[in-house]
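Numbering (full-length UniProt numbering), first residue to last: 1 to 570.
Report on the structure given below.
Structure (structure tokens):
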């Protein structure tokens, strides 16, 4: 539940702090006073896009914040998102600077708009003032039906504390969307194979020709670097053999070799070391040197006699390098990239061969189409059940909204397969008894449409588990006794959860458990908006204003007082 709302330099509100109670709260005020500002602020906290015009004139930035009560489900979501706070309160804050740059915070932690929207869907549900106009669109009717079904399932799940045994409608919608996408992909592959067969065969021949040379070469990973190193080594084989043999000869084999000279000096120093132990270190070093030189001579001699430093091996490597260069020039790439290119062409060839297997592609498309149809039919079954329940509920509500004998129905007919299913959904209405159901957009008057939209809003809200419901002038187009019924419907909703309603009807305002008045004033050419809760006497004045206009008579005040008195008894 929304418990507190604070605004700073937001549009024409300089500073506002509202403590919001449970139950049914109404917002009223003159046209243009700024009633929508509160809803805009809440919308901003729920993830709506920020606008530089939301920053009050002359201010450096605007700030909107709110506190919501939490619950175990919300706490789990916050924990998973890394946005949990220290207590059972959820704090949401948005700032907008003078350049229009916006920042969002949940429990003091920076958050994305996506996170705000996801959290907001679990906190608040807003019914806009233009909902009845959207209701004429087929897509909006489908979304409303599906949303009602989802909310019913969520409500059942919450009451039973377990998931419904059957797949939820929204899960079916997701499955249908995925199945349709898979089907269309398979269909596109088949169509491409059928219409572009000649072109694909040409590509296949080109790829096969390109791979002939590479398959023969079979370039391996890291082979190029190894070839270069070995080729360079073998190209200097004669120099290497002569140099190492000469070094070995001088170190160990010639008369007065390095080993001989070191040994001679070692023998000369050993008696001296016995006379002065400080020479022992030099003797040990010479002894090690003799051993190292002997081993070096053996290694060099062995290297000089190796059999792989021959011209035949070099010629083989040289030819291999030539083949690498030839293939690299053919594909206009560096030689070291041949191995990766070879693998890439092999993958292309495999995919192309698969794409030319028309029989397999047809089978795949048929399988995807069948899977889609199965899921779409399951979705239709779920929608049909939801449509019957919603039709019954709206028809019952119409009887209380001055449409006695009226009837509401939802018709599902076969439609072209699409991502949302195979159903064409049409809302139908009969305004009074004895009249056949007809399409909503053909027979409903403005007032009837507003009342049906309101009935749908109240019914879907009753199934919605979110703790706060907001109605923005959903009572437009009605009046009199119907308006009083609407107020009672909203008040009834307010007994189960928090309800906020922006209204211009005194009959609705009188039903409110709490009442806020929105007003504006101008000082030094600066217009500001104020909102404050009304006490009983102030409510009488405000409802009298709504009833009678500028000049309020005693009769009008008495009427307002009577309306408030009757609402408290209902």
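Beta carbons are placed, not taken as given, at the ideal position from N, Cα and C, and that holds for glycine.
- For the region 219 to 293, the full-length alpha helix (DSSP H) segments reaching 4 residues or more read 223 to 235, 237 to 248 and 258 to 275 along the chain.
- Excluding residues up to 5 positions away in sequence, 304 lie with their Cβ nearer than 6 Å to the Cβ of residue 245 in the same chain.
- Looking at 23, 20, 468 and 14, the one whose alpha-carbon comes closest to that of residue 34 is 14.
- Under DSSP, residue 539 takes part in no beta bridge, so it has no partner.
- Residue 536 is not a Cβ neighbour of residue 544, given a cutoff of 7 Å.
- In the DSSP assignment, residue 16 falls within the unbroken beta strand (DSSP E) covering 13 to 19.
- The C-beta separation of residue 283 from residue 273 comes to about 5 Å, placing the pair in contact by the 8 Å criterion.
- Around the CB of residue 333, fewer than 16 other CB atoms lie within 10 Å, so the residue is classed as exposed.
- When the five nearest sequence neighbours on each side are left out, the beta carbons in the same chain lying within less than 7 Å of the beta carbon of residue 29 are those of 35, 517, 518 and 519, in order along the chain.
- When C-alpha distances from residue 20 are compared across 512, 505, 498 and 526, the shortest belongs to 498.
- Here residue 413 carries a strand assignment [DSSP, helix/strand/coil].
- Beta-bridge annotation (DSSP): residue 516 is paired with 27 and 533.
- Per DSSP, residue 347 has no beta bridge partner at all.
- Exposure of residue 202 is indicated by the presence of fewer than 16 other C-beta atoms within 10 angstroms of its C-beta.
- In the structure shown, residue 69 adopts extended strand secondary structure according to DSSP, grouped into three states.
- Annotation for residue 149: 169 and 386 place their beta carbon closer than 6 Å to its own, counting only its chain and skipping 5 residues before and after.
- In this structure, the CA atom of residue 515 is about 6 Å from the CA atom of residue 25.
- The three-state reading of DSSP puts residue 42 in helix, counting H, G and I together.
- Per DSSP, reduced to three states, the secondary structure at residue 88 is coil, with no helix or strand assignment.
- Remark: three or more beta-carbon pairs, one from each stretch, lie closer than 8 Å, so the region 105 to 122 and the region 70 to 87 are flagged as touching.
- For the 7 Å CB-CB criterion, residue 508 and residue 483 form a contact.
- DSSP places residue 476 outside both helix and strand once states are collapsed to three, so it counts as coil.
- Checking the DSSP bridge columns, you'll see residue 507 has no partner listed.
- Look at residue 108 here: in three-state DSSP terms it is coil, with no helix or strand label.
- Boundaries of the alpha helix (DSSP H) around residue 375: 358 to 398.
- Counting other Cβ atoms within 10 Å of its Cβ, residue 351 stays below 16 and is therefore classed as exposed.
- In the DSSP assignment, residue 34 falls outside any beta strand (DSSP E), carrying neither H nor E.
- About 6 Å separates the CB atoms of residue 262 and residue 289; that is less than 8 Å, so the two are in contact.
- With a 10 Å radius around the Cβ and a threshold of 16 neighbouring Cβ atoms, residue 224 comes out buried.
- Put simply, the backbone Cα of residue 144 is about 16 Å away from that of residue 429.
- The three-state secondary structure of residue 60, taken from DSSP, is coil.
- The alpha carbon of residue 400 has as its nearest neighbour, out of 455, 250 and 220, the alpha carbon of 455.
- A direct Cα-Cα distance of roughly 19 Å separates residue 432 from residue 426.
- Residue 522 sits in a strand when the DSSP states are folded into three classes.
- Selection 368, 413, 183 and 2 evaluated against residue 92 yields 2 as nearest (Cα-Cα).
- Bounds of the beta strand (DSSP E) holding residue 498 are 498 to 502.
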